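In the numbering used here, the protein residues as written are 18 to 468.
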């Protein structure tokens with residue numbers, strides 16, 4: 018099949034690469050000339066495991082190509098994916114200007130029947146707006162061309178997006194035509210052989226499914242963080258609690274790890290967007306507001322620990338920071354907890370020596386060169402002469418460091434762990450002061466002793 022993808026960002030590029038890998042012909046369109054030229058050279062603008070060789074091999078095989086020419090893209094594919102960004106507007110609602118701009122572009126150049134697929138995460142009712150936009154432009158052109166708008170939300174996890182796309186848990190399709198359903202089955206047939214993963218529904222239900230999924234996962238995280246705060250006050254250990262409730266198959270172990278808050282391009286934006294959608298229909302959505310509120314407070318947790326430990330005397334101190342990305346296996350720092358803690362430390366006059374396996378360039382892009390930020394060459398280098406170590410991301414090779422080396426090179430051996438990577442008992446045996454999320458029995462003992 019011939020497929021066009023508008024918007025070669027995270028979602029668009031992964032989807033395009035995977036579709037081309039099973040034999041579809043894919044045209045990728047983006048207005049960023051620099052990005053398109055890099056892709057033609059085999060340079061991938063984002064870090065995602067397995068994506069670079071997938072794009073490069075299919076580009077060399079001629080199954081995927083890249084262009085900035087919108088008309089070429091519209092003429093190429095019978096199926097047109099809209100995968101552009103939907104950034105939060107000033108009030109937190111999803112900004113649809115890029116989605117509707119692509120819809121207008123498709124309508125401007127289309128000369129034959131098209132299936133237009135909303136792949137971007139969009140509010141309920143967006144397909145109606147896309148349909149109205151396309152119909153309006155066609156009417157202005159006095160062009161009678163049939164088209165259908167489909168909702169096909171993505172459920173990709175950063176760091177595992179290629180595998181999620183190749184072996185999806187489900188493929189949600191919102192469509193209003195049996196003929197369109199047949200075409201969508203043909204498009205996704207290579208990913209649907211083991212068992213039927215395709216779930217067909219009305220368009221509005223498909224649009225809401227995406228938001229409901231992300232808000233449910235965000236709710237589990239905020240609930241567990243709420244429990245961690247209770248555990249800390251009550252002298253309980255949230256890790257024991259996690260194991261106790263996770264063993265219940267109705268709850269399970271996924272997304273019940275306490276920490277220093279969720280981030281990324283999806284959960285924060287989608288929770289806010291669904292709150293704004295609720296307000297637009299005069300529904301209060303108190304649970305969603307609580308999820309967002311708990312997360313905002315949780316991102317301040319590490320700084321609160323630091324402030325308490327140092328009795329407010331933070332100015333001039335140096336903090337090693339491990340982990341800049343919002344989660345492992347990505348370079349994405351959007352809404353990352355590391356940004357909150359670094360900016361809080363800078364405000365009170367502290368310095369940061371940071372290390373991340375993938376997000377160093379992204380950090381430099383966001384903050385530029387500054388005197389109070391050193392981007393270290395390794396996690397060990399970040400420790401030198403630091404007054405404390407702060408952990409924001411649970412990268413695999415942070416899990417078993419040389420604790421004796423930590424004690425040797427730091428000014429004082431204290432760790433503020435936002436991801437609960439280590440055993441408090443082991444840290445005590447090693448002579449390291451250890452602050453973790455919701456592990457009240459150790460934290461209360463530390464706070465009651467002189468520093």
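Ideal placement from N, C-alpha and C gives every residue a C-beta, glycine not left out. Please read these numbers as outputs of a predicted model, since none were measured by experiment.
Simplified DSSP assignment, three categories, for residue i
i, result
"residue 2", "A question about residue 2 goes unanswered here, because the residues of the chain that appear run from 18 up to 468."
"residue 392", "strand"
"residue 189", "strand"
"residue 382", "helix"
"residue 429", "coil"
"residue 105", "strand"
"residue 45", "strand"
"residue 341", "coil"
"residue 368", "strand"
"residue 335", "strand"
"residue 406", "strand"
"residue 456", "strand"
"residue 39", "coil"
"residue 111", "strand"
"residue 264", "coil"
"residue 434", "strand"
"residue 168", "strand"
"residue 273", "coil"
Residue i versus residue j: straight-line alpha-carbon distance, rounded
i, j, result
"residue 463", "residue 450", "In this predicted model, residue 463 has a pLDDT of only 47, less than 50, meaning its place in the structure is not dependable enough to derive any value."
"residue 408", "residue 434", "5 Å"
"residue 74", "residue 218", "35 Å"
"residue 246", "residue 253", "10 Å"
"residue 10", "residue 365", "Shown here, the chain extends from 18 to 468; a query on residue 10 therefore has no answer."
"residue 250", "residue 444", "21 Å"
"residue 13", "residue 89", "Shown here, the chain extends from 18 to 468; a query on residue 13 therefore has no answer."
"residue 133", "residue 98", "6 Å"
"residue 139", "residue 71", "27 Å"
"residue 351", "residue 161", "43 Å"
"residue 361", "residue 243", "22 Å"
"residue 41", "residue 34", "10 Å"
"residue 237", "residue 428", "38 Å"
"residue 155", "residue 45", "23 Å"
"residue 461", "residue 339", "With a pLDDT of 42 at residue 461, under the threshold of 50, the modelled position of that residue is not reliable, and the figure given next carries that caveat. When rounded, the distance between both Cα atoms is 24 Å."
"residue 39", "residue 320", "48 Å"
Burial state of residue i (16 or more Cβ within 10 Å)
i, result
"residue 212", "exposed"
"residue 225", "buried"
"residue 289", "buried"
"residue 300", "exposed"
"residue 21", "buried"
"residue 23", "buried"
"residue 279", "buried"
"residue 79", "exposed"
"residue 283", "buried"
"residue 375", "buried"
"residue 441", "buried"
"residue 326", "buried"
"residue 273", "buried"
Span of the alpha helix (DSSP H), counted from its first residue to its last, around residue i
i, result
"residue 131", "Premise fails: residue 131 lies in the beta strand (DSSP E), 131 to 135, not in any alpha helix (DSSP H)."
"residue 21", "Taken as a continuous stretch (DSSP letters only), residue 21 belongs to no alpha helix (DSSP H), being part of the beta strand (DSSP E) at 19 to 23."
"residue 159", "Taken as a continuous stretch (DSSP letters only), residue 159 belongs to no alpha helix (DSSP H), as it is neither H nor E."
"residue 72", "68 to 77"
"residue 438", "Looking at the DSSP string, residue 438 is not in any alpha helix (DSSP H), and its letter there is neither H nor E."
"residue 52", "50 to 57"
"residue 325", "318 to 326"
"residue 60", "Here residue 60 belongs to no alpha helix (DSSP H), and DSSP marks it neither H nor E."
"residue 418", "Taken as a continuous stretch (DSSP letters only), residue 418 belongs to no alpha helix (DSSP H), as it is neither H nor E."
"residue 196", "195 to 205"
Segment limits, beta strand (DSSP E) that includes residue i
i, result
"residue 181", "Counting along the chain, residue 181 falls outside any beta strand (DSSP E), though it belongs to the alpha helix (DSSP H) covering 178 to 183."
"residue 82", "81 to 84"
"residue 300", "That residue, residue 300, is in no beta strand (DSSP E); it is neither H nor E in DSSP."
"residue 451", "450 to 453"
"residue 218", "215 to 218"
Check whether residue i and residue j have beta carbons under 8 Å apart
i, j, result
"residue 91", "residue 122", "yes"
"residue 64", "residue 348", "yes"
"residue 255", "residue 59", "no"
"residue 149", "residue 103", "no"
"residue 16", "residue 423", "This structure does not reach residue 16, given that the chain is present from 18 up to 468, and the question cannot be answered."
"residue 221", "residue 116", "no"
"residue 286", "residue 176", "no"
"residue 85", "residue 25", "no"
"residue 390", "residue 369", "yes"
"residue 173", "residue 28", "yes"
"residue 199", "residue 95", "no"
"residue 336", "residue 367", "yes"
"residue 293", "residue 163", "no"
"residue 396", "residue 415", "yes"
"residue 127", "residue 167", "no"
"residue 210", "residue 188", "no"
Residue i Cβ short of 7 Å to the ligand NAP heavy atom set
i, result
"residue 371", "With respect to the ligand NAP, the structure shown offers nothing to examine, as it has no ligands at all."
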